[in-house]
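Trainee:
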């Protein structure tokens, strides 16, 4: 996908959400903390197991 856009002449990609490229395949409810209405799902959708693999693939040196 990145090569396709590169061929179209774009200058770059936004990297502010780079940690969300990889996620767990399961998506359980986040752990509820006392007094909070919702659980924290961040561990399941950020910094997933393949993030480093994807970043290496994006590197111009790879």
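Residue numbers (the UniProt record's numbering): 1 to 62. Glycine is no exception: its CB is placed at the ideal position from the N, C-alpha and C atoms. This structure is a prediction, so every number in the text was calculated from the model and none was measured.
Using three-state DSSP, classify residue 11 as helix, strand or coil.
Mentor: Looking at residue 11 - three-state DSSP - the assignment turns out to be coil, as it is neither helix nor strand.
Trainee: Below 9 Å between beta carbons: does that hold for residue 46 and residue 23?
Mentor: Yes.
Trainee: Skipping 5 residues on each side, what residues in its chain have a beta carbon closer than 8 Å to that of residue 49?
Mentor: The residues are 22, 24.
Trainee: At the level of alpha carbons, what is the spacing between residue 8 and residue 20?
Mentor: If I take the Cα positions, the gap works out to 24 Å.
Trainee: With residue 80 as the anchor, note down where its alpha helix (DSSP H) starts and where it stops.
Mentor: The requested residue 80 is not part of the displayed model; the chain covers only 1 to 62.
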